[in-house]
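This report refers to the structure that appears directly beneath it.
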Amino acid sequence: MMSGKIRSRASALLAGTALLAAAACGAGNAQTSKGQDGTQEVVAAFYPLQWVTERVGGTDIRVTGLTAPGVEPHDLELSPQQVAQLGGASLSVYIKGVQPAVDEAVEQHAADRSFDAATAVKTLAAQEHAEEHAGEHAEEHAGEHSEEPGHDHEVSYDPHLWLDPSRLATVATALGERLAKADPAHAEGYRQRAATTAGELTALDGELAKGLATCSSKTLVTSHEAFGYLADRYHLKQVGIVLDPESEPSPTRIAEVAKLAKQEKVTTIFTEALVSPKVAEVLAGEVGAKTAVLDPLESQPSGGDYLSAMRTNLQTLRTALGCS
Ligand SMILES: [Zn+2]
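Quick note, our numbering runs 15 ahead of the 1-based positions in the sequence shown.
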């Protein structure tokens, strides 16, 4: 949670930044925002990006997360202060397609000072009924979610790329380069920390690959379709009940998933902390399965960090899928 104190400090820094930027005009980095101690101000859209940005930036940057812990990020709305903060930051780290409000603010206020992590990796195509996901905000006033394609949506890929640690490692490396360019004086530090972070993520990737190699089931029934990259990377099959954590599944969709879960002899229906487990519980009851919590890491975990939460996910998956 961002405290008022930090916020007002950030505003003060912003005001100072404008002066600095004016003074630095002609130096070639007039757009770069620095605090009075020379620290780069960087905005990160939501938790996994905040984690990777803090890791790579170290003490050379000050990271502000736009999404408070415990808040589901997809439908985030930005306060005017947050928009100003994003506009004044030397870099905004985000993933286009996750948060429409952030996409819009970046486009309007920080287009030349933004890092879209999706541009650093090979993305996967959006799931079959993914129109709901990106188009959700466009029709929230209608109070219903159509599964029909064709309405306004911004990206054609699945944006949940952070759930593949090997892709997040690639993001860390690219972010290190980007920060090195924005702040050449500290380039060496950014590159070193990026390499360390990428190494940790690659090690995690290896653990997941090994831990999920031999399992009696390969089907992952999840609350919302956040785990496409994890499924792709470790040869699992994801069946999401809904695409967007805020939307309600249709009875047809629940029946569809129930049928599939029975066919595939699924023993566990996965829920997540920030989504009501009700639908998953009903489904589990119908199929004769249990429920277990799998963290999509869209928000800061209540304890630990990205690495430890992913290791907990691995243990949960190993139990649920009967991996040896
Ligand atoms: Zn999601």
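The beta-carbon is built from N, C-alpha and C at its ideal position, and this holds for glycine as well.
Do you know whose CA, among THR237, GLU263, LEU258 and PRO264, lies nearest LEU251's CA? Within the sequence shown, residue 251 is the residue found at index 236, counting from 1. Looking at the Cα atoms, THR237 is the closest of the given residues.
Within 10 Å of its beta-carbon, does SER317 have 16 or more other beta-carbons around it, so buried, or fewer, so exposed? Within the sequence shown, numbered from 1, the residue matching residue 317 stands at position 302. Using a 10 angstroms sphere on the CB of SER317, the tally of other CB atoms stays under 16, which defines it as exposed.
Helix or strand or just coil, what does DSSP make of GLN253? Locating residue 253 in the sequence shown gives position 238, where the first residue counts as 1. Reduced to three states, the DSSP call for GLN253 is strand.
Quick check: is any heavy atom of ligand 1 less than 7 Å from the C-beta of ALA241? Within the sequence shown, numbered from 1, the residue matching residue 241 stands at position 226. Yes - ligand 1 has a heavy atom lying nearer than 7 Å to the Cβ of ALA241.
Strictly by DSSP, which residues pair up with LEU312? Here residue 312 is taken as the residue at index 297 of the sequence shown, counted from 1. Beta-bridge pairing links LEU312 to no other residue.
Determine contact between the region 183 to 194 and the region 122 to 136, defined as no fewer than three beta-carbon pairs at a distance below 8 Å. Output reads yes: the region 122 to 136 touches the region 183 to 194.
Quick one: is PRO266 buried, meaning 16 or more other Cβ sit within 10 Å of its Cβ, or exposed? Here the question's residue 266 lines up with position 251 in the sequence shown. Per the 10 Å Cβ criterion, exposed.
Is the closest heavy atom of ligand 1 to the C-beta of PRO260 under 7 Å? If you number the sequence shown from 1, residue 260 lands on position 245. Indeed, a heavy atom of ligand 1 lies less than 7 Å from the Cβ.
On the DSSP letters alone, give me the boundaries of the alpha helix (DSSP H) that ILE110 sits inside. In the sequence shown, residue 110 corresponds to position 95, counting from 1. Careful: ILE110 lies outside any alpha helix (DSSP H) and carries neither H nor E.
Alpha carbons only, please: which of TYR172, THR212, GLU215 and ALA299 is nearest the one belonging to LEU235? One-based indexing of the sequence shown puts residue 235 at position 220. Nearest in C-alpha terms to LEU235, of all of TYR172, THR212, GLU215 and ALA299, is ALA299.
Please classify GLU313 as buried or exposed, where buried requires at least 16 other C-beta atoms within 10 Å of its C-beta. Taking the sequence shown and counting its residues from 1, one reaches residue 313 at position 298. Flag for GLU313 reads buried.
Taking the beta carbon of PRO264 as the centre, do at least 16 other beta carbons fall within 10 Å, making it buried, or is it exposed? On the sequence shown, position 249 is the one that residue 264 refers to. So PRO264 ends up on the buried side.
How long is the line joining the alpha carbons of GLY319 and THR217, rounded to whole angstroms? Here residue 319 corresponds to residue number 304 of the sequence shown, with the count starting at 1. Here residue 217 corresponds to residue number 202 of the sequence shown, with the count starting at 1. Cα-Cα distance, rounded: 19 Å.
Given 7 Å as the limit, tell me if GLU313 has its C-beta closer than that to any heavy atom belonging to ligand 1. On the sequence shown, residue 313 is found 298 positions in, with the first residue counted as 1. Yes, since a heavy atom of ligand 1 falls inside the 7 Å radius drawn around the Cβ of GLU313.
Cβ shell of LEU227 (< 8 Å), same chain only, five flanking positions each side left out: Taking the sequence shown and counting its residues from 1, one reaches residue 227 at position 212. Once the five neighbours on either side are set aside, the close Cβ partners of LEU227 are TYR249, HIS250, LEU251, LEU329, LEU332, ARG333, LEU336 and CYS338.
Given the structure, does HIS175 come close to ligand 1, in the sense that its CB is under 7 Å from one of the ligand's heavy atoms? What you label residue 175 is simply residue 160 of the sequence shown in a count that begins at 1. Inclusion of HIS175 in the 7 Å shell around ligand 1 follows from its C-beta lying nearer than that to a non-hydrogen atom of the ligand.
Mind checking whether ARG104 and ARG70 have CB atoms under 8 Å apart? Walking along the sequence shown from the start, residue 104 turns up at place 89. Walking along the sequence shown from the start, residue 70 turns up at place 55. At residue 104 the sequence reads Ala, which differs from the Arg that was named. Contact: no.
Would you tell me roughly how many angstroms separate the C-alpha atoms of PHE242 and LYS196, rounded to the nearest one? The residue you call residue 242 lines up with position 227 of the sequence shown. The residue you call residue 196 lines up with position 181 of the sequence shown. Going by the C-alpha atoms only, they are around 32 Å apart.
Quick one: grab the DSSP three-state call for SER341. The chain is shown only over 16 to 339; residue 341 falls outside these bounds and no answer can be derived.
For GLN55, which three-state DSSP category applies? In the sequence shown, counting from the first residue as 1, residue 55 sits at position 40. Correct three-state label for GLN55: strand.
Indicate the three-state DSSP secondary structure (helix, strand or coil) for ALA335 in the structure shown. The residue given as residue 335 occupies position 320 in the sequence shown. Assignment of ALA335 by DSSP, reduced to helix, strand and coil, places it in the helix class.
Could you tell me the boundaries of the beta strand (DSSP E) in which SER231 lies? Looking up residue 231 in the sequence shown gives position 216. Where SER231 is concerned, there is no enclosing beta strand (DSSP E), given that its DSSP letter is neither H nor E.
Using DSSP's beta-bridge definition, name the partner residues of SER129. Stepping through the sequence shown from its first residue, residue 129 is reached at position 114. Answer is SER107, bridged to SER129.
DSSP state of GLY80 mapped onto helix, strand, coil: Here residue 80 refers to the residue found at position 65 of the sequence shown. Strand.
Helix, strand or coil at THR286 [DSSP, three-state]: Taking the sequence shown and counting its residues from 1, one reaches residue 286 at position 271. Strand at THR286.
Can you find the residues in the same chain that come closer than 7 Å, C-beta to C-beta, to GLY43, ignoring five residues on each side of it along the sequence? Taking the first residue of the sequence shown as 1, we reach residue 43 at position 28. Confidence is the limiting factor: at GLY43 the pLDDT is only 34, short of 50, which leaves the residue's position unreliable, though a coordinate-based value still follows. Same-chain partners within the cutoff: there are none.
Report yes if the CB atom of LEU101 is closer than 8 Å to the CB atom of ALA126, and no otherwise. Here residue 101 refers to the residue found at position 86 of the sequence shown. Here residue 126 refers to the residue found at position 111 of the sequence shown. No, the pair does not count as a contact, with Cβ atoms beyond the cut-off.
If you compare alpha carbons, which of ASP75, GLY221, GLU279 and LYS305 is closest to SER231? The sequence position of residue 231 within the sequence shown is 216, counting from 1. Of the listed residues, the one whose Cα sits closest to SER231 is GLU279.
Quick check: the Cα distance between ALA273 and GLU301, rounded to an integer number of angstroms? Against the sequence shown, residue 273 aligns to sequence position 258. Against the sequence shown, residue 301 aligns to sequence position 286. Taking the straight line from one Cα to the other gives about 7 Å.
Between the Cα of ALA304 and the Cα atoms of ALA324, LYS225 and LYS277, which residue gives the shortest distance? Here residue 304 corresponds to residue number 289 of the sequence shown, with the count starting at 1. Taking ALA304 as reference, the option from ALA324, LYS225 and LYS277 with the minimal CA-CA separation is LYS277.
Between the CA atoms of GLU192 and PRO199 - distance to the nearest angstrom: For this step, residue 199 is matched to residue 184 along the sequence shown. For this step, residue 192 is matched to residue 177 along the sequence shown. If you draw a straight line from the Cα of PRO199 to the Cα of GLU192, it comes to about 10 Å.
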